[in-house]
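Student: Supplied in structure tokens, the structure appears directly below.
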Amino acid sequence: MNETLPRAAIRAAKTNLVWLALPLIVFGIAVAWLVSTDPLSGFRNGAPPVENLTFERTVLDDSGLSLLVRAGGSEPMTVAQVQVDDAYWQFTQDPPGPIARGRAAWLKLPFPWMVGEAHAVNVVTNSGATFAHDIAVAVPTPQATSGQLRLQAVVGIIVGIVPVAVGLMFYPVLRGVGREGMAFLLSLTIGLLGFLLVDASGEALELAGEAAAIFQGPVMVVLAGFGSFLLLMAIGRRSGAPTGLALSTYIALGIGLHNLGEGLAIGAAFAAGSAGLGTFLVLGFALHNVTEGIGIAAPILKKRPSAWVFVGLTLLAGGPAVIGMWLGSLATSAQWSALALAVGAGAILQVIVEVGAYLMRQSDRRADVFLTPPVLAGLAAGAAFMYLTAALVKI
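Count along the sequence shown from 1, add 28, and you get the number used in the working numbering.
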């Protein structure tokens, strides 16, 4: 009897393996036949392949004009000519040759661009297809020098770290609030996070529309946001619902990922020639972010964390703005910016869920806590403040 059971199990395993492999073998045969016989050749009518070219980055420096382009057509495409302001220019391509679907290449031209002027670029492929790209304002592209990186770090600190630190400085005063005051602060946090969620999602979808079609921008944004939400929920709930310092840490993380996106926006504005708007943008973002520190402090008002805890929370929430500044001005592309904002949106959604759950646990009226006056006032105040200050940073 004991020997029969293992033999039966082995036979069952072999049978399952056969039925697992058989569909894959059949599918492989079908693919091999399709590739070798090319049965779709009869549908071709001599039309050129579908071509698509996306401009991901523009670099202006002393050597001229450089364009990072990505092919998105059905087949490899060859760049034949590049036209700037109605004149054809010699160019070099790196890497040379046809650009495979989904691959990128640099096009470099010794074009004598003029500071402050607009330039129109047209890329012509060997099939005759043209793809246009406009340079609205020509300015030198920031270089990755130590001085430039330090300057951007200072701006990132003012935008991200200083406002969060200022908000956390209200901690001693906030400790004196009662139960209704706590409910107001937690709902204020939900309100400002709700605005950040909508703002980050909208910007991510807008950038996704500028990315190459092969990245499937809108789908990528939804999947990345939902994936980061599920991952953070799983991590946050591995030891039960987060409270106190753990919840403040998740709030700081969600805000930090959003500040990464803000840093990308400011860095890209400088790189695109919006230096005149730079100071206005920096001050607007700084004011816009002050309440974030208050939101981070709300779950730990009943605790007495050390000064190093506040330093860590400040760096976690504000530090990514510095990284975003560097990436935005030096090396960002639409699809990667959209991805970063989508991940941030998912993190913010996770924090909203956790803060909402924490608010309900702190209340005796769990069922209708969101209908109480302090909570309604907090939700409205958080969203309204973020909305009004956001008007300062919209170009």
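Where is the CB? At the ideal position from N, CA and C, for every residue including glycine. Keep in mind that this is a model prediction, so the values were computed, not measured.
Within 10 angstroms of its Cβ, does Asn-287 collect 16 or more other Cβ (buried), or is it exposed?
Tutor: Within the sequence shown, the letter at position 259 stands for residue 287. Buried is the call here.
Student: Out of Leu-369, Leu-88, Thr-82 and Ile-53, which has the shortest C-alpha to C-alpha gap to Ser-256?
Tutor: Translated into the one-based positions of the sequence shown, residue 256 becomes position 228. Per the Cα distances, Leu-369.
Student: Could you check the C-alpha separation between Tyr-386 and Thr-271 for me, to the nearest Å?
Tutor: For this step, residue 386 is matched to residue 358 along the sequence shown. For this step, residue 271 is matched to residue 243 along the sequence shown. Cα-Cα distance, rounded: 7 Å.
Student: Over what stretch of residues does the alpha helix (DSSP H) that includes Glu-231 continue unbroken?
Tutor: As a working mapping, residue 231 is identified with position 203 in the sequence shown. Annotation for Glu-231: the continuous alpha helix (DSSP H) segment containing it runs 207 to 236.
Student: Have a look at the DSSP bridge pairing and note the partners of Lys-136.
Tutor: By one-based count along the sequence shown, residue 136 stands at place 108. Answer is Ser-94 and Thr-120, bridged to Lys-136.
Student: Is DSSP giving Thr-86 helix, strand or coil here?
Tutor: What you label residue 86 is simply residue 58 of the sequence shown in a count that begins at 1. In the structure shown, Thr-86 sits in a strand (DSSP, three-state: E or B).
Student: Under 7 Å, do Pro-327 and Leu-275 count as touching if we go by C-beta distance?
Tutor: Position 299 of the sequence shown holds residue 327. Position 247 of the sequence shown holds residue 275. It is a contact, given that the beta carbons lie within the stated cut-off.
Student: Out of Gly-282, Trp-354 and Met-197, state which residue places its alpha-carbon closest to the alpha-carbon of Ala-325.
Tutor: Position 297 of the sequence shown holds residue 325. Among Gly-282, Trp-354 and Met-197, the Cα nearest to that of Ala-325 is on Met-197.
Student: If Leu-213 and Gly-406 are in contact, beta carbons under 8 Å, what's the gap, nearest whole angstrom?
Tutor: Here residue 213 is taken as the residue at index 185 of the sequence shown, counted from 1. Here residue 406 is taken as the residue at index 378 of the sequence shown, counted from 1. With 8 Å as the limit, Leu-213 and Gly-406 qualify as a contact, their Cβ atoms being about 7 Å apart.
Student: Quick one: grab the DSSP three-state call for Gly-245.
Tutor: The residue you call residue 245 lines up with position 217 of the sequence shown. Correct three-state label for Gly-245: helix.
Student: For Gly-92, which option in Pro-246, Ala-166, Gln-378 and His-161 has the closest C-alpha, if you only look at C-alpha atoms?
Tutor: As a position in the sequence shown, residue 92 is number 64, starting the count at 1. The residue from Pro-246, Ala-166, Gln-378 and His-161 with its alpha-carbon nearest to that of Gly-92 is Ala-166.
Student: Taking Phe-398 as part of the beta strand (DSSP E), name the residues at either end of that continuous run.
Tutor: Translated into the one-based positions of the sequence shown, residue 398 becomes position 370. Where Phe-398 is concerned, there is no enclosing beta strand (DSSP E), given that its DSSP letter is neither H nor E.
Student: Please work out which residues of its chain come closer than 8 Å, Cβ to Cβ, to Gly-321, disregarding the five sequence neighbours upstream and downstream, and give them in chain order.
Tutor: The count along the sequence shown starts at 1 and reaches residue 321 at position 293. Closer than 8 Å at the Cβ level, and outside the excluded window around Gly-321, lie Pro-191, Val-192, Ala-193, Val-194, Gly-195, Leu-196, Met-197, Phe-198, Thr-342 and Ala-345.
Student: Looking at Ala-132 and Arg-85, is the spacing between their C-beta atoms short of 7 Å?
Tutor: Position 57 of the sequence shown, counted from the start, is the residue given in the question as residue 85. Position 104 of the sequence shown, counted from the start, is the residue given in the question as residue 132. No, the Cβ-Cβ distance between Arg-85 and Ala-132 is not below 7 Å.
Student: In whole angstroms, what is the alpha-carbon distance linking Leu-367 and Gln-244?
Tutor: As a first step, residue 367 is located in the sequence shown; it is residue number 339 there, counting from the start. As a first step, residue 244 is located in the sequence shown; it is residue number 216 there, counting from the start. Cα-Cα distance, rounded: 11 Å.
Student: Is Val-152 near the ligand FAD, in the sense that its beta carbon is under 6 Å from a heavy atom of that ligand?
Tutor: Absence of the ligand FAD from the depicted structure is noted, as is the absence of any ligand whatsoever, leaving it without description.
Student: So, for Gln-378: in the same chain, excluding its five sequence neighbours on each side, which residues have a beta-carbon less than 6 Å away from its beta-carbon?
Tutor: Numbered from 1 along the sequence shown, position 350 holds the residue referred to as residue 378. Same-chain partners within the cutoff: Phe-257, Leu-260 and Met-261.
Student: What first and last residue would you give for the beta strand (DSSP E) that runs through Ile-163?
Tutor: In the sequence shown, residue 163 corresponds to position 135, counting from 1. That run of the beta strand (DSSP E) goes 158 to 163.
Student: Give, in chain order, every unbroken run of the beta strand (DSSP E) that is at least 3 residues long and sits entirely within the region 306 to 379.
Tutor: None, since the region 306 to 379 contains no complete beta strand (DSSP E) of that length.
Student: Looking at C-alpha atoms only, which residue of Ala-41, Leu-220, Pro-123 and Glu-208 is the closest neighbour of Ala-408?
Tutor: The residue labelled residue 408 in the question sits at position 380 within the sequence shown. Ala-408 has its Cα closest to that of Leu-220, out of Ala-41, Leu-220, Pro-123 and Glu-208.
Student: What three-state label does DSSP hand Gln-390 in the structure shown?
Tutor: Residue 390 sits at position 362 when you count from the first residue of the sequence shown. In the structure shown, Gln-390 sits in a helix (DSSP, three-state: H, G or I).
Student: Within this structure, are the beta carbons of Gly-100 and Thr-82 separated by less than 7 Å?
Tutor: Locating residue 100 in the sequence shown gives position 72, where the first residue counts as 1. Locating residue 82 in the sequence shown gives position 54, where the first residue counts as 1. Yes, these two residues count as a Cβ contact at 7 Å.
Student: In the structure shown, what three-state DSSP assignment does Arg-131 receive?
Tutor: By 1-based counting over the sequence shown, the position of residue 131 is 103. Arg-131: coil per DSSP, three-state reduction.
Student: Pull up the distance between the alpha-carbon of Ile-263 and that of Tyr-278, whole angstroms please.
Tutor: The residue you call residue 263 lines up with position 235 of the sequence shown. The residue you call residue 278 lines up with position 250 of the sequence shown. Whole-angstrom Cα-Cα distance: 10 Å.
Student: Please classify Glu-145 as buried or exposed, where buried requires at least 16 neighbouring CB atoms within 10 angstroms.
Tutor: Locating residue 145 in the sequence shown gives position 117, where the first residue counts as 1. With fewer than 16 other Cβ atoms within 10 Å, it is exposed.
Student: Round the Cβ separation of Ala-375 and Leu-285 to the nearest angstrom and send it over; I've been treating them as touching at under 8 Å.
Tutor: The sequence position of residue 375 within the sequence shown is 347, counting from 1. The sequence position of residue 285 within the sequence shown is 257, counting from 1. That pair is a contact at about 5 Å.
Student: Compute the Euclidean distance between the alpha carbons of Pro-124 and Val-54, then round it to the nearest angstrom.
Tutor: Indexing the sequence shown from 1 puts residue 124 at position 96. Indexing the sequence shown from 1 puts residue 54 at position 26. Distance between the alpha carbons of Pro-124 and Val-54 is about 39 Å.
Student: By a C-beta neighbour count over all protein chains shown, 10 Å radius and 16 as the cutoff for buried, is Ile-38 buried or exposed?
Tutor: Translated into positions along the sequence shown, residue 38 becomes position 10. Here Ile-38 is exposed, its C-beta having fewer than 16 other C-beta atoms within 10 Å.
Student: Within 10 angstroms of its Cβ, does Arg-142 collect 16 or more other Cβ (buried), or is it exposed?
Tutor: The residue labelled residue 142 in the question sits at position 114 within the sequence shown. The identity of residue 142 in the sequence shown is Met, whereas the question assumes Arg. Met-142 comes out exposed.
Student: Check for me: the beta strand (DSSP E) holding Gln-109 runs from which residue to which?
Tutor: For the purposes of this step, residue 109 is identified with residue 81 of the sequence shown, where counting begins at 1. From DSSP, the beta strand (DSSP E) with Gln-109 extends over 107 to 112.
Student: Which one of Gly-323, Ser-267, Ala-373 and Phe-139 has the shortest CA to CA distance from Gly-230?
Tutor: As a position in the sequence shown, residue 230 is number 202, starting the count at 1. Per the Cα distances, Ala-373.
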